[in-house]
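Since the structure comes first, as structure tokens, the remarks are kept for the end.
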């Protein structure tokens, strides 16, 4: 009986997972070519080039971003240096503690 019930539950579970009902997206891969052919073509290349030229950031924005990046890098390196100094101080304290505990 101990091996019978787990086997029944396992087979029921496997049977239920195999009987998955078809949802609204079950045939999504069947008509991809149709969808691609029916899509509206993108804007002409000349208009796209104009939009790209207009979307480039201003020089002062670039300089501001560079300053923010430099500041962030500087803060991160300072934090890393402080963490290293704290680790070195902890190691020195551990050495001192070891020497004081030794008879």
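In this note's numbering, the protein residues as written are 8 to 110.
We put the beta carbon where it would ideally sit given N, CA and C, even for glycine.
CA-CA distance, residue 78 to residue 90, rounds to 18 Å. Within the stretch 51-109, the complete alpha helix (DSSP H) segments at least 4 residues long are 52-61 and 66-108, listed from N- to C-terminus. Just so you know, the alpha carbons of residue 13 and residue 21 end up roughly 12 Å apart.
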